[in-house]
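Encoded as structure tokens, the structure appears first; notes follow it.
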Amino acid sequence: MRSADEILDSAFRKSRKVSVYDKDRFYRLKKTIIARTDAFVTQIVSTLEKYVKGFPSVDNLPRFYR
440 MRSADEILDS
450 AFRKSRKVSV
460 YDKDRFYRLK
470 KTIIARTDAF
480 VTQIVSTLEK
490 YVKGFPSVDN
500 LPRFYR
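Residue numbering for the sequence shown follows this note's numbering, beginning at 440 and increasing consecutively.
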């Protein structure tokens, strides 16, 4: 299990690699920021979903243990 800092660092590293091409500098910057934010959020959400799915659910426990 990774720490919160490791998860954030990983998401920042992956989001830095994202770039978008556009002829207009302003729109290129705007689209790149949006794409990087989306990549950052996607990375964190997918990592946290893995942890949630890996954790045992109370609903799946036998009735005796509830």
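Positions of the beta carbon are idealized from the N, C-alpha and C atoms, including for glycine.
As the crow flies, the alpha-carbon of Ile472 is around 29 Å from that of Met440.
The way I'd put it, the stretch 459-474 doesn't touch the stretch 442-451; fewer than three beta-carbon pairs between them come closer than 8 Å.
Spanning the alpha carbons of Ala474 and Pro501 requires a straight line of approximately 44 Å.
For Asp444, the uninterrupted alpha helix (DSSP H) segment begins and ends at Ala443 to Arg455. One thing to note: Lys470 has its Cβ within 8 Å of the Cβ of Val459.
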